[in-house]
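Chains as they are written, first to last, in the working numbering: chain B, 10 to 179; chain F, 41 to 343. What follows is a short report on a single structure.
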């Protein structure tokens with residue numbers, strides 16, 4: 010289960026990076042991170058993913074926090090700098106990552122915070138953290154504009170990657 | 041345009057409900073926003089247009105990368121209206137639609153809106169090219185849906201193009217048409233959903249003027265029938281076809297899915313098209329010479 014939790018977190022991190030690499034307007038962020046809104050819809054699980062593997066088995070509770078970072082914007086619109094994401098609460102403890110972007114590409118991933126309560130935690134981190142880093146580096150090479158897949162229903166769209174892309178750039 | 045704005049703003053709560061995705065999205069964007077609010081200004085100047093339209097039982101996503109002009113905004117509104125019109129005319133789920141009345145014999149083809157004859161002709165051509173593996177009947181009843189959605193996307197793409205939007209992506213529920221570029225010098229990059237891992241990608245298709253259609257079981261189960269036996273086809277988890285016009289590309293993806301193992305030889309024999317199959321066990325195959333167009337991603341064993 011711990012491995013499952015960490016791989017889920019790494020998937021989340023990959024998607025964070027995937028989406029945050031593209032320039033987008035800042036207006037809808039308030040809605041997406043608003044405690045009441047994302048908390049209630051997140052916990053209700055009404056449209057929870059239908060798979061146990063990449064679904065909500067792990068870090069599924071929103072800390073409601075906001076990330077921080079500093080950087081500059083390149084001519085292409087991608088922001089350079091180091092960005093620290095929100096700490097994500099998992100049942101094993103908070104997980105938080107920071108990425109460094111140069112010329113629109115991720116050059117480094119730092120794990121700011123992972124559960125380290127016992128030896129088993131640290132053993133897991135020893136292999137999970139490098140994996141997170143490598144998956145993140147993979148994710149940037151797959152930064153995408155749209156998604157083709159089996160036709161989704163209106164309901165299925167809500168949990169689709171295309172929906173996330175639409176939101177990220179809306 | 042008022043209804044468009046409503047549709048766009050109605051969905052953020054829905055996205056958050058897709059747990060890992062909504063969570064990641066919020067955090068990632070917060071991080072970027074905290075970084076440099078002032079950066080929004082130059083981006084806004086060249087920002088395109090986005091719109092999601094709920095219609096035909098799915099969602100059509102419009103991604104216009106050109107600087108919005110009144111003509112482009114107007115065309116986007118007409119695209120949305122057009123899709124609803126197509127639904128009213130072609131839906132087999134609406135008993136009063138011309139296609140439903142045609143299927144019941146209550147209406148002759150000549151009495152239907154002219155688009156019906158056009159679509160049925162395109163269906164007949166697709167049936168010929170695919171040796172009957174594409175079919176405009178489902179369960180013995182007239183149902184041109186397998187071609188209509190792609191045809192509607194092509195037309196929407198044309199409407200935007202005629203209004204001066206040369207850099208667009210119109211995604212009709214997972215089957216899409218791109219034009220021009222995603223940015224100056226940048227091809228469009230289309231992720232192909234991994235049928236076994238929701239939210240993950242199996243491949244990336246890159247190019248400028250593309251139609252990309254994927255048939256699969258991930259979203260709605262084994263709904264593709266062998267038109268000859270009328271039994272569900274289980275050979276593939278998904279079949280993706282890349283072409284230029286979505287109407288035919290989408291019909292070919294459905295046909296190739298239905299063909300089972302014969303899909304490989306058929307896809308390899310189609311000039312102007314490329315294909316990718318993902319088997320139930322995750323094994324991928326792509327048409328010869330398509331390595332630059334379709335890049336299969338290494339699959340992590342973590343999931």
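Cβ coordinates follow ideal geometry from the N, Cα and C atoms, glycine included.
Secondary structure of residue i, DSSP reduced to three states
| i | result |
| --- | --- |
| residue 215 of chain F | strand |
| residue 30 of chain B | Because the pLDDT of residue 30 of chain B is 40, which lies under 50, any placement of that residue in the model is unreliable, and the number read from its coordinates should be weighed accordingly. Three-state DSSP puts residue 30 of chain B in coil, outside helix and strand. |
| residue 96 of chain B | coil |
| residue 267 of chain F | coil |
| residue 319 of chain F | strand |
| residue 273 of chain F | coil |
| residue 300 of chain F | helix |
| residue 89 of chain F | strand |
| residue 257 of chain F | coil |
| residue 334 of chain F | strand |
| residue 98 of chain F | strand |
| residue 90 of chain B | strand |
| residue 119 of chain B | strand |
| residue 326 of chain F | strand |
| residue 131 of chain F | coil |
| residue 293 of chain F | helix |
| residue 117 of chain F | helix |
| residue 102 of chain B | strand |
| residue 130 of chain B | helix |
Local Cβ density within 10 Å of residue i, reported as buried at 16 or more and exposed below that
| i | result |
| --- | --- |
| residue 234 of chain F | buried |
| residue 309 of chain F | exposed |
| residue 267 of chain F | buried |
| residue 161 of chain F | exposed |
| residue 161 of chain B | buried |
| residue 259 of chain F | buried |
| residue 216 of chain F | buried |
| residue 291 of chain F | buried |
| residue 271 of chain F | exposed |
| residue 312 of chain F | exposed |
| residue 158 of chain F | exposed |
| residue 183 of chain F | buried |
| residue 171 of chain F | exposed |
| residue 146 of chain F | exposed |
| residue 329 of chain F | exposed |
| residue 332 of chain F | exposed |
Spatial distance of residue i from residue j (CA atoms)
| i | j | result |
| --- | --- | --- |
| residue 238 of chain F | residue 150 of chain F | 44 Å |
| residue 179 of chain F | residue 301 of chain F | 23 Å |
| residue 127 of chain B | residue 97 of chain B | 19 Å |
| residue 264 of chain F | residue 222 of chain F | 32 Å |
| residue 68 of chain B | residue 106 of chain B | With a pLDDT of 33 at residue 68 of chain B, under the threshold of 50, the modelled position of that residue is not reliable, and no figure is offered here. |
| residue 47 of chain B | residue 210 of chain F | Because the pLDDT at residue 47 of chain B is just 33, under 50, the model does not fix this residue reliably, and the value given afterwards should be weighed accordingly. Residue 47 of chain B and residue 210 of chain F: Cα-Cα distance of roughly 28 Å. |
| residue 91 of chain F | residue 207 of chain F | 15 Å |
| residue 139 of chain F | residue 229 of chain F | 36 Å |
| residue 249 of chain F | residue 317 of chain F | 21 Å |
| residue 280 of chain F | residue 247 of chain F | 15 Å |
| residue 178 of chain B | residue 170 of chain B | 13 Å |
| residue 339 of chain F | residue 252 of chain F | 21 Å |
| residue 175 of chain B | residue 101 of chain F | 7 Å |
| residue 143 of chain F | residue 153 of chain F | 14 Å |
| residue 90 of chain B | residue 283 of chain F | 39 Å |
| residue 113 of chain F | residue 101 of chain B | 48 Å |
| residue 122 of chain F | residue 196 of chain F | 8 Å |
| residue 242 of chain F | residue 307 of chain F | 19 Å |
| residue 166 of chain B | residue 187 of chain F | 20 Å |
| residue 122 of chain B | residue 336 of chain F | 33 Å |
| residue 109 of chain B | residue 155 of chain B | 25 Å |
| residue 140 of chain B | residue 124 of chain B | 16 Å |
| residue 127 of chain F | residue 261 of chain F | 23 Å |
| residue 236 of chain F | residue 325 of chain F | 15 Å |
| residue 124 of chain F | residue 156 of chain F | 15 Å |
| residue 118 of chain F | residue 256 of chain F | 30 Å |
| residue 327 of chain F | residue 245 of chain F | 13 Å |
Under 8 Å from the C-beta of residue i: neighbouring residues of chain F
| i | result |
| --- | --- |
| residue 127 of chain B | Simply none; closest approach about 22 Å. |
| residue 163 of chain B | 94, 97, 98, 99 |
Neighbour flag for residue i against chain A, beta carbons, 7 Å
| i | result |
| --- | --- |
| residue 157 of chain B | Among the protein chains of the structure shown, namely B and F, there is no chain A. |
Per-residue contacts from residue i into chain B (C-beta, under 8 Å)
| i | result |
| --- | --- |
| residue 228 of chain F | 154, 155 |
| residue 286 of chain F | Those do not exist, as residue 286 of chain F stays about 10 Å from chain B at its closest Cβ, beyond 8 Å. |
| residue 176 of chain F | Simply none; closest approach about 17 Å. |
| residue 253 of chain F | 157 |
| residue 235 of chain F | 158, 159 |
| residue 203 of chain F | What residue 203 of chain F touches in chain B: nothing, since even the nearest Cβ is about 20 Å away. |
Residues that residue i contacts on chain F, provided the C-beta gap is smaller than 7 Å
| i | result |
| --- | --- |
| residue 175 of chain B | 90, 92, 101 |
Under 9 Å from the C-beta of residue i: neighbouring residues of chain B
| i | result |
| --- | --- |
| residue 259 of chain F | 158, 159, 160, 161, 162, 165, 169 |
| residue 280 of chain F | 157, 158 |
| residue 104 of chain F | Residues of chain B passing the Cβ test: none, with the nearest at roughly 11 Å. |
Any non-hydrogen atom of the ligand NAP closer than 6 Å to residue i Cβ
| i | result |
| --- | --- |
| residue 172 of chain F | The model depicted lacks the ligand NAP and carries no ligand whatsoever. |
Contacts that residue i makes with chain B (C-beta to C-beta distance below 7 Å)
| i | result |
| --- | --- |
| residue 216 of chain F | 155, 157 |
inquiry  = At 3 residues or longer, what runs of the beta strand (DSSP E) sit wholly inside the stretch 165–247 of chain F?
reply    = Within the stretch 165–247 of chain F, the complete beta strand (DSSP E) runs of at least 3 residues are 208–212, 215–219, 228–233, 241–247.
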